[in-house]
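Student: Let me begin by handing over the structure; questions about it come next.
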Amino acid sequence: MASDYGDFCEYLKRTLSGKEAMNEIERIPYRAFVPGDKPRPLLEVEIEKFGIVLCVIDSGADYSTFPKRIGKEAGLDFTKAKKSTSECAHGDTVVSYLAPMRVFIKGEEFVLTTNFIENGGEPALLGRYDFFDRFEITFDEASQQVTFKKKKVKA
């Protein structure tokens, strides 16, 4: 019994970390960050040297976006990152740094080109560049689900 429990715990750890290989097609129901919040297409992403972050899958974002503090805690060096400023839809100006970050998503390990936001960046977003190259992603608002299908990535 203890062995079964240990195996289950190990499976759960791999699954939540994104290291468990996914089936050919996987459907994930939308979830809320907190009870009572609007359900969204969320996905757990494991960041090398940091841990797991719950992210919104955002097909309208070119790049994935994370708070800069996560990149710092993961040991990223921003001295060579491309720095830029942009204006958000609500009028605030934000400073961001474009840098690569190693991640694990749905059993795939790869480098995700990420915009790290100086002040803010919550919630973290998974944008099209690098992420949508690896998965065919379909949003179904009526059933509140997102469907993933692995793509064959060109070497």
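Just so we're aligned, residue 3 is where the sequence shown starts under the working numbering, counting upward by one. For glycine and all other residues, C-beta sits at the position ideal for the given N, C-alpha and C. Small disclaimer: the values here were computed from a predicted structure and weren't measured.
1) Per DSSP, what kind of secondary structure is lysine 152 in: helix, strand or coil?
2) By how many angstroms is the C-alpha of serine 86 removed from the C-alpha of glycine 62?
3) Per DSSP, what kind of secondary structure is arginine 1 in: helix, strand or coil?
4) Specify the secondary structure class of phenylalanine 10 as computed by DSSP and reduced to three states.
5) Taking the C-alpha atoms as reference points, what is the distance between proline 43 and isoleucine 139?
6) Please give me, in chain order, every unbroken run of the beta strand (DSSP E) with length at least 3 that falls completely inside the stretch 51-114.
Tutor: According to the structure shown:
1) For the purposes of this step, residue 152 is identified with residue 150 of the sequence shown, where counting begins at 1. In the structure shown, lysine 152 sits in a strand (DSSP, three-state: E or B).
2) Position 60 of the sequence shown, counted from the start, is the residue given in the question as residue 62. Position 84 of the sequence shown, counted from the start, is the residue given in the question as residue 86. When rounded, the distance between both Cα atoms is 19 Å.
3) For residue 1 there is no data in the structure shown, the boundaries of the chain being 3 and 157.
4) Within the sequence shown, residue 10 is the residue found at index 8, counting from 1. Confidence in phenylalanine 10 is poor, its pLDDT being 45 and thus under 50, which makes the residue's placement unreliable; the coordinate value appears in the next sentence. If DSSP states are grouped into helix, strand and coil, phenylalanine 10 belongs with the helices.
5) In the sequence shown, residue 43 corresponds to position 41, counting from 1. In the sequence shown, residue 139 corresponds to position 137, counting from 1. Taking the straight line from one Cα to the other gives about 11 Å.
6) 53-59, 66-69, 84-89 and 95-107
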